[in-house]
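> This is the structure, below, for whatever I ask next.
Residue numbers (the numbering used here), protein chains in the order written: chain A, 129 to 610; chain B, 573 to 1067.
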């Protein structure tokens, strides 16, 4: 059985390359408003462990469809010879420079590829498309029409009426906004073009689904690792014995913050790479931005992304109780759960005092003279949740983005100016159960980072996967304020 | 370079290697036969070959590994000297009082076993420590007593280059405690075991030298009321590990009974006729050094070395960026992208001409309605009336689903009725992408009329087209004809 091949064809500038970029998850596909950007065919095979399941072929658009059709009509005697006449056309003109684009796009079809014909459903149907649709019909190959909704208007009904006369299957597909499930549905639809292609395309869907799940897990682990690194991060500076150490504190704190921001940025880049974005440009505010929309350390950022005050106290208490619970268990119950009670009280009280405090700066004397100022680990109860909420939001934006999109990834969280519901991603939406598990892991990191880190990172990663899978981050509403 | 040093060097050089995008595509990295650290080593090796290294040809990681090895050597030397010194002190015999076997047992058996126990407690994995209350605190306290944690002091004897490399390494390890904390701890424990191993080697060497090249007299004494039978039992228990292999190293009851001494007794009476008998303790003493000092330390050193390697491998596997880099190497490798991976061209629209016409006087004009943009002359006049002044000479449809022969006919008709000074207007819809079909038509019009005939492409824009900048697309496409007499004239059509 030959490998299924699909040539994506159509009028220039109707989104052929965007559809290929989205289906192939390849941002190296040139996408431009200028027609004629694609000048030669480019193949996008789906390969699983050296086995090619199918091949998508991006093609240039029709440029002289009417003249090409006129030539073919002049050389055909009946419907039976039409595929051969198309082949004849390619052979006659492929080296002449006259019908360069038509020869280029028809060659893979003449060689056996199925047709995916792309139109813009946000524009009215036009009779000028009929010449190219007629040429494609002459090839005799299985075909599907894709109505790509580029603009806001909807003329899909009149397109369906026209396209249904030329193509076996007509589907709508928005290359810029298609969710992952929609892409899988489209792939399954390709299988309907040829009975023999169903098996490889079904396998392709299965593999892509598993791969997507693996990417989510990898992203969760990346986020958990970065979060652990940021919580336990220490920035230090050595000073001479005769220097006033307090003089260095502001600068040390600034360096500490910048280091955390860099760790966040690195984590974001790694998540983007997991989803095959090598150089995704983000719309973020610079580190020293004055306004409070994306500064990791601004009060508004904490309010937007972090826990509310009641949750801060209870979450910290939950974490303290979990630690105290260990003592209860170890004492065989003879502590009468006092460990949990005391731990909970201490934890809750500490949140009141430390919620807004990023870190403390210790001044340590060095054995050979001088001092070392040390900022870190992170003391704030809220900041780990802020970081995690931002990471979940970033991951949601990256995983939902299609590779046809060329705009920068907008991560600036200005309340009221976004189309997304940021509230769905903020930490105050986490369930009490998630917060308790997170807090106990954060406490373990703070208390014994060297000893616990790998197992903690794995546990945090498991929680992050659960948070990612919660639809729109809807949480158990009854536990929202507890 | 040993495996530990290779891993350490790779860990230090991994960050810049991962960040180097030119090293990204390498099919060998996905070889499933390779472990993650082997893949990392391959990547780092390519990075080192590619990048500029310092004048010695060593990368930052290789220098750090060399520095680590050098510091390990310092620990060995200091340990050996300390062990030799301890043996010399404890085996010191001036000829007055015998060497007290009780002291030797206390230092080389009891204390060594306690120190080994201390190492075992320090090396316990976190999941066990977490379950036992106060054990974490005990570990922290023991850390302060471990020789490995005095590395900052011993570094001072190294060269400036090595000290700087170790400073950088320690700073990185201490900053990222969650990622590298295990490495830092394992490194300190390895150094401490190295010190301890060489201490034992030094002590054994010292004891052997003193035994061979001097005559030592041993005895045993203690303030406690211990009968010689009880002491014989103790020495028998201590001798159990080698009792079958080396029976002579097991003190006999007679030896124990006859070699007790008290310092208050005179030297002569203490030694007496048993001088040669007193030398017979040496096998037992040496066996204690080897069995309770050297042998356990060989085991703990090997264990610490393995633990260090394990931590390094784990740090490499969990290094930020490694997981995403080699994520597919251990599962099905899925690729949907083009193997011809090139930088996306993504040509941008050029900015529209700085001068945009809002009014135009064409005079006598032949109108072509391309693809049914307007539909009729009346409709056309309605649309352009306010902005375009003209006297229509003809109105003909072209393009759309009309044949190319019909278009040729339109060109011929216009050519036939053309008068000098006439203009031609081609009405188009902005959102319908210009193709070579249209450019061919415009070129044909040019050939059928005059080189200086104004051909005005009137671009009808709706709101969407205006937002998308479709007019710029038309302007850029028509610009390919390099015809100075082609004008473009955008017109908004109300919804």
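Positions of the beta carbon are idealized from the N, C-alpha and C atoms, including for glycine. Here the structure is a predicted model, which is why all the values come from computation and not from measurement.
For residue 174 of chain A, name the three-state secondary structure that DSSP assigns.
Walking along the first chain from the start, residue 174 of chain A turns up at place 46. Looking at residue 174 of chain A - three-state DSSP - the assignment turns out to be strand.
> Output the boundary residues of the alpha helix (DSSP H) element that contains residue 490 of chain A.
As a position in the first chain, residue 490 of chain A is number 362, starting the count at 1. Element bounds for residue 490 of chain A: not the alpha helix (DSSP H) but the beta strand (DSSP E), 487-493.
> Have a look at residue 665 of chain B and residue 764 of chain B and give me their C-alpha separation to the nearest angstrom.
Indexing the second chain from 1 puts residue 665 of chain B at position 93. Indexing the second chain from 1 puts residue 764 of chain B at position 192. Approximately 30 Å between the Cα atoms of the pair.
> How is residue 283 of chain A classed by DSSP in three states: helix, strand or coil?
Here residue 283 of chain A is taken as the residue at index 155 of the first chain, counted from 1. Note: residue 283 of chain A maps to coil in three-state DSSP.
> What does residue 556 of chain A reach in chain B if we use C-beta pairs closer than 7 Å?
For the purposes of this step, residue 556 of chain A is taken as the residue at position 428 of the first chain. The premise fails here: residue 556 of chain A is roughly 25 Å from chain B at the closest Cβ pair, so nothing lies under 7 Å.
> Terminal residues of the continuous alpha helix (DSSP H) containing residue 396 of chain A?
Locating residue 396 of chain A in the first chain gives position 268, counting from the first residue. Its alpha helix (DSSP H) spans residues 377-402.
> Pull up the distance between the alpha-carbon of residue 1043 of chain B and that of residue 1033 of chain B, whole angstroms please.
Counted from its first residue, the second chain places residue 1043 of chain B at position 471. Counted from its first residue, the second chain places residue 1033 of chain B at position 461. Using only the alpha carbons, I get a separation of about 8 Å.
> Among the residues of its own chain, which have a CB less than 7 Å from the CB of residue 596 of chain A, if the five just before and after it don't count?
To locate residue 596 of chain A, count along the first chain from 1; it is residue 468. Hits under 7 Å: 344, 348, 520, 523.
> Compute the beta-carbon to beta-carbon distance between residue 693 of chain B and residue 710 of chain B, rounded to the nearest angstrom, for a pair I have assumed lies under 8 Å.
Taking the second chain and counting its residues from 1, the one referred to as residue 693 of chain B is at position 121. Taking the second chain and counting its residues from 1, the one referred to as residue 710 of chain B is at position 138. Between residue 710 of chain B and residue 693 of chain B the Cβ distance is about 6 Å, and since that is below 8 Å, they are a contact.
> Just the chain A side, please: which residues come within less than 8 Å of residue 585 of chain B by C-beta, in chain order?
What you label residue 585 of chain B is simply residue 13 of the second chain in a count that begins at 1. None at all; the shortest Cβ gap to chain A is about 17 Å.
> What is the DSSP secondary structure of residue 191 of chain A, counted as helix, strand or coil?
By one-based count along the first chain, residue 191 of chain A stands at place 63. DSSP places residue 191 of chain A in coil when its eight states are reduced to three.
> Of all the residues that make up the segment 970-989 of chain B, which are near chain A by a beta-carbon distance shorter than 9 Å?
Cβ contacts with chain A come from 971, 972, 973, 974, 975, 976, 977, 979.
> Using a C-beta to C-beta distance shorter than 7 Å, which residues of chain A count as neighbours of residue 1008 of chain B?
Taking the second chain and counting its residues from 1, one reaches residue 1008 of chain B at position 436. Under the 7 Å cutoff, chain A gives 191, 192.
> Mapping DSSP to helix, strand and coil, what is residue 939 of chain B?
Position 367 of the second chain, counting from 1, holds the residue named residue 939 of chain B. In the structure shown, residue 939 of chain B sits in a strand (DSSP, three-state: E or B).
> Using the C-alpha atoms, what's the distance from residue 409 of chain A back to residue 211 of chain A?
Translated into positions along the first chain, residue 211 of chain A becomes position 83. Translated into positions along the first chain, residue 409 of chain A becomes position 281. Using only the alpha carbons, I get a separation of about 46 Å.
> Mind listing, in chain order, the continuous beta strand (DSSP E) runs of no fewer than 3 residues lying wholly within the segment 812-841 of chain B?
With a minimum length of 3 residues, no continuous beta strand (DSSP E) run stays inside the segment 812-841 of chain B.
> Can you list, in chain order, the residues of the segment 902-913 of chain B whose Cβ is nearer than 9 Å to any Cβ on chain A?
So the close ones are 903, 904, 905, 906, 907, 908, 909, 910, 911, 912, 913.
> What does DSSP give as the partner residues of residue 137 of chain A in its beta bridges?
Within the first chain, the letter at position 9 stands for residue 137 of chain A. Answer is A:245.
> Residue 399 of chain A and residue 526 of chain A - do their beta-carbons sit closer together than 8 Å?
The residue given as residue 526 of chain A occupies position 398 in the first chain. The residue given as residue 399 of chain A occupies position 271 in the first chain. Yes, they are a contact pair.
> Could you give the distance in angstroms between the alpha-carbon of residue 509 of chain A and the alpha-carbon of residue 570 of chain A?
Indexing the first chain from 1 puts residue 509 of chain A at position 381. Indexing the first chain from 1 puts residue 570 of chain A at position 442. Approximately 9 Å, taken between the alpha carbons.
> From what residue to what residue does the beta strand (DSSP E) around residue 1061 of chain B run?
Locating residue 1061 of chain B in the second chain gives position 489, counting from the first residue. From DSSP, the beta strand (DSSP E) with residue 1061 of chain B extends over 1058-1064.
> If we call anything under 8 Å between Cβ atoms a contact, is residue 944 of chain B one with residue 987 of chain B?
Looking up residue 944 of chain B in the second chain gives position 372. Looking up residue 987 of chain B in the second chain gives position 415. No, these two residues do not count as a Cβ contact at 8 Å.
> What does a CB cutoff of less than 8 Å around residue 609 of chain A pick up in its chain, not counting 5 residues either side in sequence?
Position 481 of the first chain holds residue 609 of chain A. Only weak support exists for where residue 609 of chain A lies, its pLDDT of 36 falling under 50; the value from the coordinates is given anyway. The residues are 436, 438, 439.
> Identify the contact partners of residue 361 of chain A in chain B, using a Cβ-Cβ distance below 7 Å as the criterion.
As a working mapping, residue 361 of chain A is identified with position 233 in the first chain. Chain B residues near residue 361 of chain A: 747, 748.
> Under 9 Å, CB to CB, which of the residues in the segment 557-586 of chain A have a partner in chain B?
Residues passing the 9 Å Cβ filter: 572, 573, 575, 576, 577, 578, 579, 580, 581, 582, 583, 584, 585.
> So for residue 186 of chain A, helix, strand or coil by DSSP?
Your numbering for residue 186 of chain A matches position 58 in the first chain. Here residue 186 of chain A sits in strand by DSSP.
> Indicate, with yes or no, if the ligand FAD has a heavy atom lying under 7 Å from the CB of residue 393 of chain A.
Among the components modelled here there is no ligand, and therefore nothing to report on the ligand FAD.
> On a CA-only basis, which of B:874, B:785, B:823 is nearest residue 801 of chain B? Give me that one, please.
Within the second chain, residue 801 of chain B is the residue found at index 229, counting from 1. Closest by alpha carbon: B:823.
> Hey, how far is the Cα of residue 689 of chain B from the Cα of residue 536 of chain A?
Stepping through the second chain from its first residue, residue 689 of chain B is reached at position 117. Stepping through the first chain from its first residue, residue 536 of chain A is reached at position 408. Spanning the two alpha carbons is a distance of roughly 58 Å.
> Can you list, in chain order, the residues of its chain with a C-beta nearer than 7 Å to that of residue 148 of chain A? Leave out the 5 residues immediately preceding and following it.
Stepping through the first chain from its first residue, residue 148 of chain A is reached at position 20. Taken in chain order, the residues that qualify are 136, 157, 172, 184, 186.
> Once DSSP output is grouped into helix, strand and coil, what is the label at residue 535 of chain A?
For the purposes of this step, residue 535 of chain A is identified with residue 407 of the first chain, where counting begins at 1. If DSSP states are grouped into helix, strand and coil, residue 535 of chain A belongs with coil.
> Can you give me the Cβ contacts of residue 730 of chain B inside the same chain, cut-off strictly under 8 Å, excluding the 5 residues immediately before and after it?
One-based indexing of the second chain puts residue 730 of chain B at position 158. The residues are 639, 642, 643, 646, 738.
> Pick out whichever of A:155, A:430, A:216, A:357 has its Cα sitting closest to the Cα of residue 908 of chain B.
As a first step, residue 908 of chain B must be located in the second chain, where it is residue number 336. Considering only alpha carbons, the answer is A:155.
> Looking at the C-beta of residue 302 of chain A, does it have a partner C-beta in chain B at a distance below 8 Å?
By one-based count along the first chain, residue 302 of chain A stands at place 174. By this cut-off, residue 302 of chain A is not an interface position.
> List, in chain order, every chain A residue whose beta-carbon is nearer than 7 Å to that of residue 886 of chain B.
Residue mapping note: residue 886 of chain B aligns to position 314 of the second chain, counting from 1. Result: 582.
> Three-state secondary structure (DSSP) at residue 594 of chain A?
In the first chain, residue 594 of chain A corresponds to position 466, counting from 1. Three-state result, residue 594 of chain A: helix.
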